[in-house]
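Here is the structure we will look at.
There are 2 protein chains.
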Amino acid sequence: MERKQYSLGLDFGTESVRCLAVDINSGEEKAMAIQEYSDGVINGGLPDTFVQLETDWALQNPRDWLDSMRVVIGKTLRDGAIDSSEVVSLGISFTSSTVLPTTDDGTPLCFLSRWKSEPHAWPKLWKHHAAQPEASLINELAQKEKEPWLKRYGGKISSEWLFPKALQIFKESPECFAASQRIVEGGDWIVWKLVGQEMRSVCQAGYKALWNSEDGYPSQSFLEKLDKGFGQVLNKLGEKHFPVGTRAGELTSKMASQLSLPSGIPVATAIIDAHSAAVASGMDAQGRMVMVMGTSTCHLIMDKKEVFAEGVAGVVKDGVLPGYYAYESGQAAVGDIFAWVTKLGLPEDYYKESKEKNISIHELLLRKSVDQKPGQHGLLALDWLNGNRSVLMNSDLSGVLVGLTLNTKPEDIYRAMIEATAFGTRVIIENFEKNGIKVEEIYACGGLVSNSMLLQIYSDITGKTIKVAASAQTTALGAAILGVMAAGLEYEGFSTIENVIAKMTIPPQAVYQSNQGNHRGYKNLYEKYIQMHDYFGRGKSVVMKELKFCSDK
Amino acid sequence: MERKQYSLGLDFGTESVRCLAVDINSGEEKAMAIQEYSDGVINGGLPDTFVQLETDWALQNPRDWLDSMRVVIGKTLRDGAIDSSEVVSLGISFTSSTVLPTTDDGTPLCFLSRWKSEPHAWPKLWKHHAAQPEASLINELAQKEKEPWLKRYGGKISSEWLFPKALQIFKESPECFAASQRIVEGGDWIVWKLVGQEMRSVCQAGYKALWNSEDGYPSQSFLEKLDKGFGQVLNKLGEKHFPVGTRAGELTSKMASQLSLPSGIPVATAIIDAHSAAVASGMDAQGRMVMVMGTSTCHLIMDKKEVFAEGVAGVVKDGVLPGYYAYESGQAAVGDIFAWVTKLGLPEDYYKESKEKNISIHELLLRKSVDQKPGQHGLLALDWLNGNRSVLMNSDLSGVLVGLTLNTKPEDIYRAMIEATAFGTRVIIENFEKNGIKVEEIYACGGLVSNSMLLQIYSDITGKTIKVAASAQTTALGAAILGVMAAGLEYEGFSTIENVIAKMTIPPQAVYQSNQGNHRGYKNLYEKYIQMHDYFGRGKSVVMKELKFCSDK
Chain A
1 MERKQYSLGL
11 DFGTESVRCL
21 AVDINSGEEK
31 AMAIQEYSDG
41 VINGGLPDTF
51 VQLETDWALQ
61 NPRDWLDSMR
71 VVIGKTLRDG
81 AIDSSEVVSL
91 GISFTSSTVL
101 PTTDDGTPLC
111 FLSRWKSEPH
121 AWPKLWKHHA
131 AQPEASLINE
141 LAQKEKEPWL
151 KRYGGKISSE
161 WLFPKALQIF
171 KESPECFAAS
181 QRIVEGGDWI
191 VWKLVGQEMR
201 SVCQAGYKAL
211 WNSEDGYPSQ
221 SFLEKLDKGF
231 GQVLNKLGEK
241 HFPVGTRAGE
251 LTSKMASQLS
261 LPSGIPVATA
271 IIDAHSAAVA
281 SGMDAQGRMV
291 MVMGTSTCHL
301 IMDKKEVFAE
311 GVAGVVKDGV
321 LPGYYAYESG
331 QAAVGDIFAW
341 VTKLGLPEDY
351 YKESKEKNIS
361 IHELLLRKSV
371 DQKPGQHGLL
381 ALDWLNGNRS
391 VLMNSDLSGV
401 LVGLTLNTKP
411 EDIYRAMIEA
421 TAFGTRVIIE
431 NFEKNGIKVE
441 EIYACGGLVS
451 NSMLLQIYSD
461 ITGKTIKVAA
471 SAQTTALGAA
481 ILGVMAAGLE
491 YEGFSTIENV
501 IAKMTIPPQA
511 VYQSNQGNHR
521 GYKNLYEKYI
531 QMHDYFGRGK
541 SVVMKELKFC
551 SDK
Chain B
1 MERKQYSLGL
11 DFGTESVRCL
21 AVDINSGEEK
31 AMAIQEYSDG
41 VINGGLPDTF
51 VQLETDWALQ
61 NPRDWLDSMR
71 VVIGKTLRDG
81 AIDSSEVVSL
91 GISFTSSTVL
101 PTTDDGTPLC
111 FLSRWKSEPH
121 AWPKLWKHHA
131 AQPEASLINE
141 LAQKEKEPWL
151 KRYGGKISSE
161 WLFPKALQIF
171 KESPECFAAS
181 QRIVEGGDWI
191 VWKLVGQEMR
201 SVCQAGYKAL
211 WNSEDGYPSQ
221 SFLEKLDKGF
231 GQVLNKLGEK
241 HFPVGTRAGE
251 LTSKMASQLS
261 LPSGIPVATA
271 IIDAHSAAVA
281 SGMDAQGRMV
291 MVMGTSTCHL
301 IMDKKEVFAE
311 GVAGVVKDGV
321 LPGYYAYESG
331 QAAVGDIFAW
341 VTKLGLPEDY
351 YKESKEKNIS
361 IHELLLRKSV
371 DQKPGQHGLL
381 ALDWLNGNRS
391 VLMNSDLSGV
401 LVGLTLNTKP
411 EDIYRAMIEA
421 TAFGTRVIIE
431 NFEKNGIKVE
441 EIYACGGLVS
451 NSMLLQIYSD
461 ITGKTIKVAA
471 SAQTTALGAA
481 ILGVMAAGLE
491 YEGFSTIENV
501 IAKMTIPPQA
511 VYQSNQGNHR
521 GYKNLYEKYI
531 QMHDYFGRGK
541 SVVMKELKFC
551 SDK
């Protein structure tokens, strides 16, 4: 019997870590396990202390990462009846930006008794939103100073990224900042633990820490202007950054023994979870846009050339696959909008019907609107219920419904919102194409891809073919694929990354072709969408900004 | 013991007739009764035939008017222990435009066996909407020919009015049209029955039949251009029209015996129900705008002078009180919008809460939003869910919600819609004032006036004091007041119509004063409302028209 070879993909999420064991020769997903973090998202009290966190804080415990990783690898091997000697590589994807301060040897400050009661000593999760004042400060100064890196991020950065979080530490706990010899991304920290040396990935640095291969991080002088002394942060970040899929090193004997894995197996540099999903969805060349569709949608596409375009949330060389510039754009709310429609409420008999038919409210609304022709409900919506993170990059924007009548029903609004998010995607595609980045077809993954009506509408509106990733575990699968790359392409048939992807993924689960009649029908509505988009979004009307101002007061 | 004197107000509505007996010296509402029509609104099969009506038809049976009138008067006198000899006058208000064809002696064609199976022989109710093609034809030709009467109706007439309905008879049943020696309003027909002579009111003719005291009806040549032969209609309408409150005649002995009332008591010319409500609400001079607030809102105000203003749905001399030009404007949906919000649906626990607290869904939403400051919900709405019937006069317009976020709740939308209808009222007021018709205070009546939060918001937004009619039966009370006027002001203290109104109404039930802080807070939002109003409504965007076109296809 031929000896099996497995790559493990470890995906560190918001509430848990999952592990996927993939047969590197067949792409078979042999086993998958999930392990929740004991402390989960820390937003109440700090563990083992009496310290209460303020609003908008969201932390994690690095102990959870280590403990859960050990447990989940054991479970996966057991469930898949995999002998540990059959594991040949490890890849890591990690939710980002997760920012933690450590000592020079990588010990998290929160592990030290001196610091464990200081909230700033703990890793800040992506959804830590308490650094908004710092993000605003950075945006204002960068715009004023015309910082060169700003153009790579569409002119605005998010409070979820590394620099706002680091600046918050500096401002609110200067002692903790001084004690932080390194400020590290969670994914890079796990890799550091596994291989025994700090090997930062270009992916996290490029998309979340304003780094790029030509200019590095923002300049010392800019950081000092932000706050005197903050320039010190440059000494705490990476000196070198490595492309995604690089061999970060080999599993140390100490970690191998803790994890019951072979010592010396190759480990890849870390990748952000959404970007990992793009790899696993089949984005192996330019022209293929991946949509990671969940509560929000992340759009990724690669190209051999670098361009700077409005509304690109990040462009990073080697950020998804080596040899390509990878472009990110996004829609700040997608699944969240559909959930909002159901949360806003429904007629009483709809609840009854959904119970009787034993289907979800979402499914009920889909069924009630599935046969509608383009424009039949008479509505047009703008999908900015959580602001706009694509070409307009403006968090003051809000949602709109035009065309309401006394006959408008909840399923009409539901469908109009699906269409609005598809129009928003078409804006992103046209923006890429206007800037010379051709979108030939779309690959979709994430929680929303089981919704076939939604994907058909997306295909009809964009006019593009949409292929749905076969794997339900794309974030972990991408990590496993990068693990094989990191192993050095030494296995037979793995001479290029395209070959690795081809071997380790299976054909799309479903393919949606654009219905040309509907595509024409939606063209007229899309033109109206653009009119509304530009009227409310491009300064012709300041209504939204002022409404937000009123409601914030 | 002083002998009591009562005026009876008869209010003929959509489903029933009501009778109110008012003590003419104290204004005491002694008794009120309602009698439903046996045939109700006829929109299925014609009574006693096998004839089925087409969609959008809505008829009534004149037999119901007569039978129900007899019953309801009897009930009122019994309930109020009123001796029939104490009844000194009669007034009639009637829903309009109700159009019926009769012979020369006033016999409805539908009473004749020759015609009873012909739908066009029956009275067409206001909500008969099958004459829309005829209304469109009239509007197009009138705009082309620059008909002089068009300016009195804001440039557009409704399919609910007399001429579209008469033209529909002409086009679809020429024989029935030929047999119709008279084409009469329901209110005028009842008066004719009661006093034995045709005495048409300026109110119905002016507001619903394009008549005015200087030019009469539309010209023969215009009507012939509409359709050859239709000019004949002029011979079927009134030759003379009498101001509201005129003595149409005295109760005939035949009708007196049928109704068990004294023969020879004075009967007033008919008035449209909404206009009757205005009289009873205290509109006894210029500067006092009455809002009749229900599913839609009708706005009435009087002035000594005649002006032609955008969005005035009618201006009629002596149309509400003698000596004044009475102006009508309106909002096509008000209560209907709030009902739509509740029909659109609510979270499941809201239904539970409303049951537990034993309050309506409306009351629940009001309570949840009562403490909000102006703009707090972050929303701005346009209240055009049934088109716009005021300054824009455009049925292609539709409703808008701007400012939606993932946190928007149903009570926010409910409150935003209340505010939007109040902004719409402010537009009407400012339009009156721009045209020289001063609005000093507002009187409110109708089904919505029990909603105190709504009226406070209206007062805050408009900056005007709002007085709520004390009577819950304003349409019938107005008729009773006009009955006293018709009696010839012969009773002591009734020397002027102002005195009649003063004697027969009691002080407002509630008075709402504008909160100046909120008024200022709403000023900013109102400016945004106007921006949206003009953008969507004044041709800067054709989005709504095109959305309607798509959904109509």
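Order-wise, the sequence lines are chains A and B.
The numbering used here numbers the first residue of the first sequence as 1 and each following residue consecutively.
The numbering used here numbers the first residue of the second sequence as 1 and each following residue consecutively.
C-beta: ideal position from N, C-alpha, C; glycine also.
With a 10 Å radius around its C-beta and 16 neighbouring C-beta atoms as the bar for buried, classify A:G45 as buried or exposed.
exposed
Positions along the region 342–366 of chain B whose CB lies within less than 8 Å of some CB in chain A
K343, L344, G345, L346, P347, E348, Y350 and Y351
By the three-class DSSP mapping on this structure, what secondary structure does B:K540 have?
coil
Would you kindly work out how many angstroms separate the C-alpha atoms of A:P148 and A:T496, rounded to a whole number?
34 Å
Assess contact between the region 412–432 of chain B and the region 372–381 of chain B, defined as three or more Cβ pairs (one per stretch) separated by less than 8 Å. Is contact present?
yes
How many angstroms separate the CA atom of A:M199 from the CA atom of A:A248?
6 Å
Based on DSSP bridge pairs, tell me the residues matched to B:G314.
B:E328
Please state whether DSSP places A:V307 in a helix, a strand or coil.
coil
Burial state of B:A479 (16 or more Cβ within 10 Å)
buried
Hey, B:G294 and B:G447: beta-carbon distance below 8 Å or not?
yes
By the criterion of Cβ-Cβ separation under 9 Å, what are the contact partners of B:W340 in chain A?
L404, T405, L406, N407 and T408
Segment limits, beta strand (DSSP E) that includes B:V51
Unbroken run through B:V51: none, as it is neither H nor E.
So which of A:V22, A:Y324 and A:R63 has the shortest CA-CA distance to A:W189?
A:R63
Report the residue from A:G314, A:K540, A:H533 and A:Y526 whose alpha carbon sits nearest the alpha carbon of B:L547.
A:Y526
Can you confirm whether B:Q5, when its beta carbon is compared against all beta carbons of chain A, has any partner nearer than 8 Å?
no
Exposed or buried, B:K503, counting other C-beta atoms within 10 Å across all chains shown (16 or more means buried)?
buried
Could you name the residues that DSSP lists as bridge partners for B:E250?
B:P266
By how many angstroms is the C-alpha of A:S541 removed from the C-alpha of A:S354?
41 Å
On the CB-based measure, 16 or more other CB atoms within 10 Å of its CB, does B:E440 come out buried or exposed?
exposed
Which residues, in order along the region 365–399 of chain A, keep a beta-carbon less than 9 Å from a beta-carbon of chain B?
K373, P374, G375, Q376, H377, G378, L379, L380, A381, L382, W384, L385, N386, G387, S398 and G399
Top-ranked residue by Cα proximity to B:L167, from B:K225, B:D67 and B:G335:
B:K225
DSSP three-state assignment for B:K124, whether helix, strand or coil
strand
Determine, using beta carbons only, whether B:S551 comes closer than 8 Å to chain A.
yes
Using a Cβ-Cβ cut-off of 7 Å (strictly less than) and excluding sequence neighbours within five positions of A:G154, which residues of its own chain qualify?
E310, G311, V312, A313 and M393
Name the chain A residues that come within less than 9 Å of B:E160, Cβ to Cβ?
What B:E160 touches in chain A: nothing, since even the nearest Cβ is about 17 Å away.
Are any of the Cβ atoms in chain B nearer than 8 Å to that of A:Q531?
yes
Short check: CB of A:T276 to CB of A:A469, under 8 Å?
Per the sequence presented here, residue 276 of chain A reads as Ser, with Thr not at that position. For A:S276 and A:A469, no; Cβs fall outside 8 Å.
Once the 5 residues before and after B:H241 are set aside, which same chain residues still bring their CB inside 6 Å of it?
R200, V202 and A205
Do you know how far the Cα of A:Q132 is from the Cα of A:S158?
8 Å
In chain order, each beta strand (DSSP E) run of at least 3 residues that lies wholly inside the region 321–396 of chain A
325–331 and 380–382
Go ahead and label A:G493 buried or exposed: buried means 16 or more other beta carbons lie within 10 angstroms of its beta carbon, across all protein chains shown.
exposed
Could you tell me which uninterrupted alpha helix (DSSP H) segments, each at least 4 residues in length, are contained entirely in the region 427–480 of chain A, listed from first to last along the chain?
452–462
Three-state secondary structure (DSSP) at B:S16?
strand
Pick from A:K156, A:K171 and A:A178 that is closest to A:S395, judged by C-alpha positions
A:K156
Around the C-beta of A:T405, are 16 or more other C-beta atoms found within 10 angstroms, so that it is buried, or is it exposed?
buried
Given a threshold of 16 other Cβ atoms within 10 Å of its Cβ, counted over all protein chains shown, does B:A332 qualify as buried or as exposed?
buried
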